[in-house]
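Numbering follows our numbering, in which position 212 of the sequence shown is assigned residue number 852; successive positions increment by one, without gaps.
Backbone N, C-alpha and C define an ideal beta-carbon position, used for all residues, glycine too.
Shown next, in structure tokens, is the structure this report addresses.
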Amino acid sequence: MPATNRKKQGRDTAVQGTNDSSVVSKVSAAAQGYFQDDFLQHFVCKVARRAPLINRGYYVRWRAVDHCVRRFLHITENCPRRQILSLGAGFDSLYFRLHADGALEGAVVFEVDFPDVTRRKAALINSNITLEKKCFCLIRPVYVSSSRYRLLGVDVRDESQLEEALGATGMDWAAPTLILSEVVLTYMETQRSDAVIRWAATLLHQSFFVMYEQIHPHDPFGRIMQDHFLKLNSTLHALRQYPDTTAQRHRFLDKGWEQCVCLDMNDFYLGLIPEEERCRVENLEPFDEYEEWHQKCSHYFILTASRGSCVARSLLTHRPGIPSISPSWSPTVLNVRTVPANLEGLGMASSLMSSGQVLLTGGSSRGGRGTVTRILLRSQEGWRAISVEPSVDLSVRLYHSATSVPGGGTVVYGGRSSPLNPVKGLFKVTPDPVGLPGPGDSEETVKLHVEQIECTGDPPLLRWRHTASIISHQGKDFLFVFGGKNESEAALGGGHFLCLDRWHWTEIPVGGAAPEARHSHSACSYQGGMVVFGGLDRRGVPLGDTVVLRPTERGFCWERIEVQPPPVPRYSHCARVTGDKLVVVGGVWLHADAVPGVVVIDLITSSSVEFGLDTTSVPWPLMLHSFCSELTDSEELLLIGGGGNCFSFGTHFNPQPVTVDLRPVLGWKTSIRPSQTQTPQDQDQII
């Protein structure tokens, strides 16, 4: 066999392997109750339980396709004949589900895939009494046939052979037809997949095309996604020419389809799945991977195109569940530089012990969740990470808070070891009296004094993804704990005061309209009170509000700042106050074409400007969520850790800290109007 043919055969085999992985994941989601499918289990050797993130991802995929198929069957219920043509069907159980539901009156399901795949599927059907009684088996290219079901072993890329095989098995080219492509065409060279789209529009004049695929290849998540499929020898070809929903929509309109709707999966999930159903799904398993869930959904889409009389009825309606935004983008970008210190972690908390000493607690890394405490130390040679020996074990914890307190030391509070196990206790961490190593010292391990504080009063509920800030009232300092979540509450509201001189939880009058419940927000001390920005609300939608807790004679008062133009909503970000400016960096927004960089909010003028980040000097994908930050001097922001579990594509950790040059931010004047917009897509290597 020529080398070219062997290479092509190898790629085809790799693509066929994605079917095996996909069906196992669908079976896992069905077994956990995400959707009802009694037939998928017959196409796997055994049921393997996937992680909750994988189950959710395959649920929204299943739900989107099922939504479109059921809608098609409803629209065409009065037609004497209708058809479903599933391209690259693999081990999908669509026909068996619809048959069992009695939904195939007057309908025929045609499934097409590689001969090797359909041969295996036919063998599984033939050996299973539950499946076999619904059809009978033939020989290639038609491996299975019944009055309602045809399974064909044909290479979809060979249009003439496909057309001949479909015609020979009874395809009615004039009947209303649904063409289904569920992560299939993207594995073909783009000119071949374009040809399939055009072929379907040319031959099937009364038809819908439903496609589920990937988008957004160039941001950090997209780069990791692409690398994953490259390693599997299953390149995602369509991404290069059609990188977003707009390009995909124009693709179909240019290939002969008359109407097209394309939604990313965040839009579909929040706009087309009822809230009651979302609540059911979100309570099936313990879950705390919101960042990865939203990024996965922003990198996949569901598309429906139509032609003929079918265009009068749509399979998808665009019900925006996500608010549209028009931020003001500065033409200035902020330079990002790597710090030569090997340090990674998700869900860590940081605290500035001095201008050149950053305490890092908790988090998880490649080695798993650990109790490691570290210090980043700056010398004339730059930053370096040193190990720490705490006098008391701080235990495994993620998404906790570490707050520098007046008089020295850090208060560590909250966090979780797993989504079912919040961490108890409040600790005060102070440097050992011997002190930290100086710039010229070679000591790489230091000691910390850790004291578990027994607080009095009525403590707040245990929580994680909260904030804890220093505020002042009548000459006393308080730790103000706000927001967060726990194992039973999707988001917590209200605030709690801890008097630091008596370690007593107390109540102080707070006026004004309190911010809505949230987690994964930011809160920074400001003028004796604090300023809150963003977060994720109970519905799972990012917030973009700015709320200040201001001191009053009797206590405090909440005051909402109406920032114009409104900044990009986000969560899992970091924020710092410098002067009267709130500098917010990173985070997660639901649309991948609006990945947050830095927004600067002027707390006096209530104005904002978004700045992109120039990451050309960073040799790896920089994921700015589940990280921590410190303003180490007036011109530099240090970003530490971050990354995430990128669906089934692998876990990414930012391997080193980075710095962001804030000098352009600090010199910013309120001179950019909303009409002067420039998005990060206009700049290379900017997020």
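Pairwise C-beta distances place the segment 981-997 in contact with the segment 1033-1053, as three or more of them are shorter than 8 Å. Here the segment 1253-1267 does not lie against the segment 836-849, with fewer than 3 beta-carbon pairs under 8 Å apart. According to the DSSP assignment, isoleucine 1015 belongs to the beta strand (DSSP E) that extends over 1014-1019. When secondary structure is reduced to three states using DSSP, tyrosine 789 falls in the strand class.
If you keep only unbroken alpha helix (DSSP H) runs of at least 4 residues inside the segment 887-922, you get 905-912, 915-922.
Cβ neighbours of phenylalanine 908 within its own chain (closer than 6 Å, five residues either side excluded): Ala704, Ile942. Relative to the Cα of threonine 1192, the nearest Cα in the group Asp753, Asp1185, Pro1149, Trp897 belongs to Pro1149.
A residue is called buried once 16 or more other Cβ atoms fall within 10 Å of its Cβ, and glutamine 881, having fewer, is exposed. In this structure, the CA atom of isoleucine 1026 is about 44 Å from the CA atom of cysteine 919. DSSP places serine 1266 outside both helix and strand once states are collapsed to three, so it counts as coil.
Residue environment for glycine 1219: exposed (fewer than 16 other C-beta atoms within 10 angstroms of its C-beta). The beta carbon of glutamate 772 sits closer than 7 Å to the beta carbons of Ile765, Asn766 from its chain, once the five residues preceding and following it are set aside; these are given in chain order. Inclusion of serine 968 and proline 816 in the CB contact set at 8 Å is not warranted, their separation being larger than that value.
Per the coordinates, the alpha-carbon of valine 1217 lies some 9 Å from the alpha-carbon of valine 1171.
Cβ-Cβ distances below 7 Å link asparagine 659 to Gly730, Phe731, Val757 in the same chain, with the five nearest sequence neighbours on each side left out; the list follows chain order.
A distance below 7 Å between beta-carbons, with the five flanking residues on each side excluded, links phenylalanine 869 to the following residues of its chain, in chain order: Thr875, Leu876.
Lysine 1221: member of the beta strand (DSSP E) spanning 1221-1225, first to last residue. Taken through DSSP and simplified to helix, strand or coil, methionine 811 comes out as coil.
The shortest CA-to-CA distance from threonine 770 to any of Arg1142, His739, Asp753, Arg1006 is the one to His739. Of the residues Arg889, Glu1270, Gly1290, the one whose Cα lies closest to the Cα of lysine 871 is Gly1290. Membership of lysine 871 in the alpha helix (DSSP H) is indicated by the continuous run 860-871.
Nearest in C-alpha terms to arginine 1105, of all of Ser1128, Gly1054, Leu1066, is Gly1054. Counting along the chain, no alpha helix (DSSP H) covers proline 1100, and no H or E run does either. For leucine 1278, the enclosing beta strand (DSSP E) begins and ends at 1276-1281.
By the 16-neighbour rule on beta-carbons within 10 angstroms, arginine 1200 is exposed.
Under the three-state reduction of DSSP output, leucine 1243 falls in the coil class, being neither helix nor strand. Separation of aspartate 812 and proline 720 (C-alpha to C-alpha, rounded to the nearest whole angstrom) is 12 Å. No Cβ-Cβ contact shorter than 8 Å links proline 1062 with aspartate 928.
A straight line joining the alpha-carbon of lysine 1087 with that of serine 1031 spans about 7 Å.
Under DSSP, isoleucine 1201 shares a beta bridge with Thr1186. As the crow flies, the alpha-carbon of proline 1261 is around 44 Å from that of histidine 1113. Apart from the 5 residues on each side of it in sequence, serine 1004 sits with its Cβ closer than 8 Å to the Cβ of Gly985, Leu986, Gly987, Gly1010, Leu1038 in its chain, given in chain order. Annotation for cysteine 708: the continuous alpha helix (DSSP H) segment containing it runs 692-715.
Proline 883 sits close to isoleucine 855, with the two beta carbons spaced by under 8 Å. In this structure, the alpha-carbon of arginine 1190 lies about 12 Å from that of alanine 1154. Counting C-beta atoms within 10 angstroms of its own C-beta, glycine 1008 has fewer than 16 neighbours from the protein chains shown and is therefore classed as exposed.
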